[in-house]
Amino acid sequence: MRTFSVLSLRVCLSNEKLSNYRHLFSAISALCFFATVPLQFALLDWIQTTKGTWLIIQGKIDNWPLLCFALSLSFIQLVSSALFLFLGAITLFRYERDRWYLTSSAQSLSYFLAWIQSLTILGTILTQVFTGSWYAQLLPYLPHLWMIMVFVSMFYPFDQSSFLQPLPRKHLLKAVVICMGLYVCVFFLLDHYITKPIAEWFSLELSSWREQNIDQSIQQAGKIGGWAILSQWLFIGCIGPIAEEILFRGLLQGLIAKRWGHLLGILLPALCFALFHVDIPLFSPLFVLGLILGWLRYYFGVLWVPIAFHMLNNSISVCLDLLS
79 MRTFSVLSLR VCLSNEKLSN YRHLFSAISA LCFFATVPLQ FALLDWIQTT KGTWLIIQGK
139 IDNWPLLCFA LSLSFIQLVS SALFLFLGAI TLFRYERDRW YLTSSAQSLS YFLAWIQSLT
199 ILGTILTQVF TGSWYAQLLP YLPHLWMIMV FVSMFYPFDQ SSFLQPLPRK HLLKAVVICM
259 GLYVCVFFLL DHYITKPIAE WFSLELSSWR EQNIDQSIQQ AGKIGGWAIL SQWLFIGCIG
319 PIAEEILFRG LLQGLIAKRW GHLLGILLPA LCFALFHVDI PLFSPLFVLG LILGWLRYYF
379 GVLWVPIAFH MLNNSISVCL DLLS
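All residue numbers for the sequence shown refer to our numbering, where the first residue is 79 and numbers rise by one.
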């Protein structure tokens, strides 16, 4: 009996050590996730127009330092993700199974992002297997799908302390009125008072390569009709907003607000939200939109309200693109 106890203790210590290593690799994967943002900004090309303004377009890696950084980041991502999954298999994914401490913590956020990184790498590898055009169109939206799937698998069932608890019925009408009022302000005032003045101040062309790519895919879907239009709305108007709100207003805002207060809890995720879109001409309206979404999360205390507002904003944009 004594021999069994010592052996069990050794196994326990071994598993604990493996878990600590897995925590480390999840943190490295999470840092790589955030490190992709400066890399994407470094890939942008600034072209001065005849008007003296700057047109910003998506560029390519054209120098050795940037190439070395991109290759190093990719290598670290690949190794950390592989070790994260390998150690998870050895420990039988103990952290994910012990749901009692899966809360808005830095460790939970790092595990969430590590899973996103691992599944995104897997999705990229599968491009060699699935060569059809359908998979190429699906690939840009896979990270959003992974975010929703990983979040549900890690945090479901959602307890009453979760930020995904249902909105009380007595607040439903107030939420609808506030969301509609805020959207009217965004639709009619944001470009006039924020987007255009700031773009003019910094001599930026309002042409957005990201928005142009989205517009082209929506207009192409409009020509095909049927399932193509439905899929565009599903990814842009539904899945995208849900995934982004889970990350920025759910996990990130919850973590920051818990540690440093609600003001930074609204400001920093809004800043990250704007930066992750890698769209310099539209940075200011994206930041304002992030502030609105963060305030809705804080004011109502649940995530469903900013999700609904984000879906409303994106869905109307899809409809306007189709009509144009």
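Where a beta carbon is used, it is the ideal one built from N, C-alpha and C, also for glycine. Given the structure is predicted, the values throughout are model-derived calculations rather than measurements.
Exposure label - residue i; buried when at least 16 CB within 10 Å
i, result
"V84", "Bear in mind that the predicted position of V84 carries a pLDDT of just 43, short of 50, making it too unreliable to give a figure here."
"L384", "One detail in the question is off: residue 384 reads as Pro in this sequence, not Leu. Burial call: buried."
"C350", "buried"
"P363", "buried"
"G332", "buried"
"V228", "buried"
"I344", "buried"
"W193", "buried"
"F233", "buried"
"L398", "exposed"
"C257", "buried"
"I302", "exposed"
"S104", "buried"
"R247", "exposed"
Cα-Cα separation between residue i and residue j, rounded to whole angstroms
i, j, result
"H340", "V396", "32 Å"
"C110", "L187", "13 Å"
"S183", "C146", "33 Å"
"N391", "K138", "31 Å"
"L381", "H388", "11 Å"
"L367", "A348", "8 Å"
"G259", "I370", "12 Å"
"L353", "S158", "24 Å"
"A108", "L191", "5 Å"
"S393", "L251", "21 Å"
"W279", "G130", "12 Å"
"A386", "V207", "36 Å"
"L87", "D140", "Caution is warranted here: a pLDDT of 41 is assigned to L87, below 50, making its placement in the model unreliable, and the coordinate value is therefore given only provisionally. In a straight line, the C-alpha of L87 is about 54 Å away from that of D140."
"S231", "Q294", "34 Å"
"Y173", "Q297", "44 Å"
"P275", "R327", "28 Å"
"P218", "I292", "11 Å"
"L342", "Y376", "11 Å"
"I314", "S281", "30 Å"
"L216", "W305", "13 Å"
"H270", "G372", "22 Å"
"Q310", "R175", "35 Å"
"H402", "F365", "This sequence places Ser at residue 402; His is not what is there. Each residue's Cα considered, the two are about 26 Å apart."
"L144", "Y189", "28 Å"
"V255", "E94", "51 Å"
"V264", "W142", "42 Å"
"T273", "Q290", "17 Å"
"W338", "L156", "33 Å"
Contacting residues, own chain, Cβ-Cβ under 6 Å from residue i (five flanking each side not counted)
i, result
"S286", "D357, P359, L360"
"I135", "D123, W287"
"M79", "Caution applies to M79, whose pLDDT of 46 falls short of 50 and renders its modelled position unreliable; the model cannot decide the point."
"T262", "In the sequence as displayed, the identity of residue 262 is Val instead of Thr. Correct list: empty, nothing qualifies."
"L330", "P347"
"F171", "none"
"L268", "P363"
Same chain, Cβ closer than 7 Å to residue i, neighbours up to 5 away in sequence not counted
i, result
"P378", "Checking the sequence, you will find Phe at residue 378 rather than Pro. Cβ within range, chain order: L245, H249, A253."
"L96", "L165, I168, T169"
"G300", "I307, L400"
"F266", "none"
"I106", "I154, S158"
"F119", "V356"
"L117", "F147, A148, L151"
"H101", "Q185"
"L374", "V383, P384, F387"
"I334", "L342, G343, L346, P347"
Contacting residues, own chain, Cβ-Cβ under 8 Å from residue i (five flanking each side not counted)
i, result
"A113", "L151"
"Y99", "L161, L165"
"E283", "T127, T131, W132, L133, I134, A277, P359"
"I226", "I317, I320, A321, I324"
"L163", "S196"
"L312", "none"
"V115", "L353, F354, V356"
- Query: Does the count of Cβ pairs from the stretch 309-325 and the stretch 216-227 closer than 8 Å reach three?
  - Reply: yes
- Counting Cβ pairs, one atom from each stretch, are 3 or more of them under 8 Å apart for the stretch 117-126 and the stretch 189-209? no
- Residue ranges of each alpha helix (DSSP H) within the stretch 287-316, 4 or longer: 287-302, 305-310
- Length at least 3, wholly inside the stretch 111-164: the beta strand (DSSP E) runs in chain order: 122-126, 132-136
- Task: Note down, one range per segment and in chain order, each alpha helix (DSSP H) of at least 4 residues found wholly within the stretch 353-382.
- Result: 361-378
- Starting from the N-terminal side, write out each stretch of the beta strand (DSSP E) that is 3 residues or longer and does not extend beyond the stretch 217-288. none
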